[in-house]
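Residue numbers (UniProt numbering): 1 to 249.
Note that the Cβ used here is the ideal one computed from N, Cα and C, for glycine as well.
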């Protein structure tokens with residue numbers, strides 16, 4: 001009998017309602033026997049909408065990875081479209097660590113020859129473009145479109161967010177001539193199916209894609225390589241507020 005798989009889904013912001021929502025979306029697609037713990041870090045920003053927010057979210061993410069390693073977690077999902085702290089998390093983790101932007105962009109490249117990203121604030125568009133370049137996805141990415149919705153508007157009952165995002169997706173398909181849409185925020189995870197039905201094209205949510213990729217890698221017994229870039233960090237002293245992050249041989 002196959003042992004149960006333990007996945008930890010880390011929402012790098014501290015907004016619990018968003019964590020609960022993306023946890024529910026993740027569990028809806030997980031295979032039977034996969035246990036998903038959806039968590040927010042004990043420290044960090046309420047939402048991530050800038051380089052500053054992203055940088056300050058990373059200690060909380062790494063704290064959750066270190067805790068997961070003590071708990072025997074098999075794989076991790078970093079549920080923010082900026083994929084903050086992804087490479088540092090891979091240095092710490094034995095098992096796979098999947099960022100939702102990387103997962104969504106790769107999934108899009110499997111089902112179409114082009115995609116557009118529909119995200120929140122305009123100031124985050126270049127963050128998404130830079131990730132596409134890093135992941136070798138820039139040749140597939142036709143455009144990154146902002147809806148100018150603050151991330152936390154996605155959590156407000158009665159918000160007009162669904163209509164605004166749907167219309168942006170429809171415009172992307174028509175004007176960018178893209179084959180599919182990548183949703184550029186974990187807080188949009190619950191909108192994916194409804195928007196796909198409305199626009200008549202595949203709409204990809206990185207949270208659910210990352211869960212399925214993590215499950216596949218664990219099932220294939222493919223851990224994070226500890227040769228080269230993602231070898232465990234060298235032990236050394238850290239000072240001040242970072243002293244608890246010091247690693248020991």
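Can you check which of these residues, 89, 18, 204, is closest to residue 225 by C-alpha distance?
Across the set 89, 18, 204, the C-alpha of 89 shows the shortest separation from the C-alpha of residue 225.
CB residue 78 to CB residue 99, shorter than 8 Å?
Yes, these two residues count as a Cβ contact at 8 Å.
I need the straight-line Cα distance from residue 245 to residue 18, nearest angstrom please.
Distance between the alpha carbons of residue 245 and residue 18 is about 27 Å.
Helix, strand or coil for residue 94, going by three-state DSSP, please let me know.
The three-state reading of DSSP puts residue 94 in coil, since its state is none of H, G, I, E or B.
Beta-carbon gap between residue 219 and residue 179 smaller than 8 Å:
Cβ distance not < 8 Å, so residue 219 and residue 179 don't count as in contact.
Span separating the alpha-carbon of residue 20 from that of residue 10
Computed Cα separation, rounded: 11 Å.
Secondary structure of residue 246, DSSP reduced to three states:
Residue state, collapsed to three classes: coil.
Below 6 Å CB to CB, which residues in the same chain sit around residue 73 once its five sequence neighbours on both sides are set aside?
Excluding sequence neighbours, residue 73 sits near 6, 8.
Would you kindly work out how many angstroms separate the C-alpha atoms of residue 174 and residue 164, rounded to a whole number?
Going from the Cα of residue 174 to the Cα of residue 164 covers about 16 Å.
How many angstroms separate the CA atom of residue 106 from the CA atom of residue 206?
One C-alpha to the other measures close to 10 Å.
Whole beta strand (DSSP E) elements within the segment 59-121, 3-residue minimum
Complete beta strand (DSSP E) runs here, min 3: 75-78, 97-99, 115-119.
Pairing CB atoms from the segment 139-159 with CB atoms from the segment 183-198, are three or more of them under 8 Å?
Cβ pair count under 8 Å is three or more, so yes.
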